[in-house]
Amino acid sequence: MSNVALLAASAEKTQSDSASTVAGNTLGAESTNGNLTSDSASSNSNSSSSSATTTTTTDDSASMADTFLTLFVAEIQNQDPTDPTDPTEYIDQLSSMAQVAMAEEMSVEMNTNSVLMSNLQVMALGNMVGDEIMVQTTSVDVSDQTIHGRVTLSDACTNVTLHFTDDAGDDYTVDLGEQSPGQVDFDIDPADYGIPPGSYQVSVVTNTGEEEVPVEVAGMVTDVRIPLDGGTPVLNVTGVGEVPFTMISQFGTPDDDSTDTTA
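All residue numbers for the sequence shown refer to full-length UniProt numbering, where the first residue is 1 and numbers rise by one.
Printed below as a string of structure tokens:
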């Protein structure tokens with residue numbers, strides 16, 4: 001008889017033998033459960049949602065392990081004596097079960113750590129309000145204040161120009177002159193270049209045709225917004241507007257040796 005057939009026969013016999021026992025114990029179990037109901041309800045009402053989630057996960061894992069062991073023992077007991085199962089197969093099954101249990105535990109720990117990291121991140125961002133930072137951006141909000149920023153060049157250039165373009169298509173340029181590869185800090189007074197207050201797209205043009213030159217602008221964090229849908233926290237930075245916190249490139253402002261852009 002195959003292992004599957006033996007398992008089925010064993011299960012049917014076990015159910016038949018247990019039927020009378022279950023029926024006989026029902027009244028006693030109901031009486032005992034009645035005495036325990038109020039105590040259990042009082043105890044459960046004090047459990048937090050996080051504890052409930054952890055307990056449920058643990059109970060599910062324990063239930064799965066118990067089911068596996070029950071089936072595992074039944075398989076051993078009901079194997080064909082004339083053709084016993086190779087012991088290495090049992091070892092493989094136990095190893096697989098252990099790996100599944102370990103993976104579940106790691107998943108629970110990773111989820112817990114993720115929540116903790118998210119909470120710490122929010123707390124850290126909240127403490128940034130009032131701090132000066134630099135963010136990578138393609139747009140700026142021009143006012144009467146000096147714009148402190150930086151561009152990063154891959155190659156040496158004999159001519160580097162900043163372009164400020166408004167929604168109407170008007171373009172204002174700032175010549176940064178000849179520059180070596182690397183970071184180029186700048187300070188720009190918009191009034192010196194006739195750039196009126198407003199929102200602008202900012203870009204860089206070089207004589208070498210370098211594309212997508214990163215532009216960073218300094219500003220103060222005025223507030224931090226945490227999206228209700230759990231999205232990426234957003235910083236409101238003076239001179240830039242709202243930017244994802246992932247666009248932060250520097251804490252603090254550029255060095256004092258910025259490029260002279262006096263018109």
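Cβ coordinates follow ideal geometry from the N, Cα and C atoms, glycine included.
- Put simply, the region 216-225 touches the region 123-131. At least three CB pairs are less than 8 Å apart.
- The residue from Val-205, Ser-180, Phe-164 and Gly-209 with its alpha-carbon nearest to that of Ile-188 is Phe-164.
- Taking Ile-226 as the centre and dropping the five residues before and after it, the same chain places the C-beta of Val-122 and Pro-233 closer than 7 Å to its C-beta, in chain order.
- Rounded to whole angstroms, Met-117 and Asp-192 show a C-alpha spacing of 46 Å.
- For Asn-78, no beta strand (DSSP E) run applies, since DSSP gives it neither H nor E.
- Annotated as distal: Val-142 and Val-204, with beta-carbon spacing of 9 Å or more.
- CA-CA distance, Phe-245 to Thr-112, rounds to 23 Å.
- For Glu-178, same chain residues with a beta-carbon under 6 Å away, outside a window of 5 residues either side, are Thr-158 in chain order.
- With a cutoff of 9 Å on beta-carbon distance, Ser-249 and Gln-201 are scored as not near each other.
- Scanning its chain for C-beta atoms nearer than 8 Å, with the 5 sequence neighbours on each side dropped, one finds around Pro-181 the residues Leu-153, Ser-154, Asp-155 and Ala-156, in chain order.
- CA-CA distance, Gln-145 to Val-213, rounds to 24 Å.
- For Asn-236, the uninterrupted beta strand (DSSP E) run begins and ends at 234-237, by DSSP.
- A distance below 6 Å between beta-carbons, with the five flanking residues on each side excluded, links Gly-241 to the following residues of its chain, in chain order: Asp-141.
- One Cα belongs to Thr-82, the other to Val-108, and the distance between them is close to 44 Å.
- Comparing C-alpha distances from Met-247 to each of Leu-69, Leu-235 and Leu-176 shows the shortest one belongs to Leu-235.
- Counting along the chain, the unbroken beta strand (DSSP E) around Gln-201 starts and ends at 198-206.
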